[in-house]
Amino acid sequence: MFVLFVFSGPLGMAILHGPEAMQHLWYDSFGTMAVTDRRVIWIAPSNGFVYREIAGGDLVEAGLVEGNDARGWIALVERRGTDNVNEIDARGVPEPMAALSALDSLMRQGTVATP
Numbered sequence: 092m093f094v095l096f097v098f099s100g101p102l103g104m105a106i107l108h109g110p111e112a113m114q115h116l117w118y119d120s121f122g123t124m125a126v127t128d129r130r131v132i133w134i135a136p137s138n139g140f141v142y143r144e145i146a147g148g149d150l151v152e153a154g155l156v157e158g159n160d161a162r163g164w165i166a167l168v169e170r171r172g173t174d175n176v177n178e179i180d181a182r183g184v185p186e187p188m189a190a191l192s193a194l195d196s197l198m199r200q201g202t203v204a205t206p
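Quick note: the sequence shown uses our numbering, first residue 92, plus one each step.
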């Protein structure tokens, strides 16, 4: 029972992803949104599995649509292929300015030129 409990939530995700440990977590009614050093993931509240993800290199834009310091709505733009983008609305994000800061950091990491 203990092993199932540990591996079913955010702690289990951090353990399973090792060096890609979660840097920032936001909880909402749809589960947990986490920004790691490589991607943005959404974790289901019922079983702890990742049900959606955006690789850091595919994240094009993130902005606050509305909200305050406590809770907000963030719009994300994900690159899909060469000519397509996908818009994702993350509503009810606690501490939206902290989330935007983490997302901006992730986007800057993806744009660093490698020799």
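We put the CB at the ideal spot given by N, CA and C, even for glycine. Here the structure is a predicted model, which means the values were calculated and not measured.
Whole angstroms is fine: what's the gap from residue i's alpha carbon to residue j's?
| i | j | result |
| --- | --- | --- |
| T173 | E144 | 19 Å |
| T127 | A146 | 10 Å |
| T123 | D195 | 19 Å |
| A112 | F140 | At A112, the pLDDT of 45 sits below 50, so the modelled position is not reliable; the number obtained from the coordinates is stated separately. Cα to Cα, the separation comes out at about 15 Å. |
| P187 | A181 | 10 Å |
| R129 | D160 | 25 Å |
| P136 | A125 | 13 Å |
| I134 | Y142 | 6 Å |
| I179 | E169 | 8 Å |
| G148 | M198 | 7 Å |
| G158 | R171 | 27 Å |
| Q114 | W164 | Its pLDDT being 49, under 50, Q114 is placed unreliably in this model, and the value from its coordinates should be taken loosely. Q114 and W164: Cα-Cα distance of roughly 20 Å. |
| A189 | N138 | 26 Å |
Pop quiz: residue i and residue j are said to be a contact at Cβ under 8 Å. What is the actual Cβ separation, rounded to whole angstroms?
| i | j | result |
| --- | --- | --- |
| V184 | R162 | 7 Å |
| L191 | A153 | 6 Å |
| V151 | V176 | 6 Å |
Going by DSSP, what residue range makes up the beta strand (DSSP E) through residue i?
| i | result |
| --- | --- |
| A125 | G122 to V126 |
| P136 | Per DSSP, P136 belongs to no beta strand (DSSP E) and is neither H nor E. |
| N177 | N175 to P185 |
| G154 | L150 to G158 |
| A161 | No beta strand (DSSP E) contains A161, which DSSP labels as neither H nor E. |
| R143 | V141 to A146 |
Starting from residue i, follow its DSSP beta bridges and name the residues at the other end.
| i | result |
| --- | --- |
| L50 | Within the shown structure, residues of the chain are numbered from 92 to 206, placing residue 50 beyond reach of any answer. |
| R129 | Paired residue(s): none; R129 is not in a bridge. |
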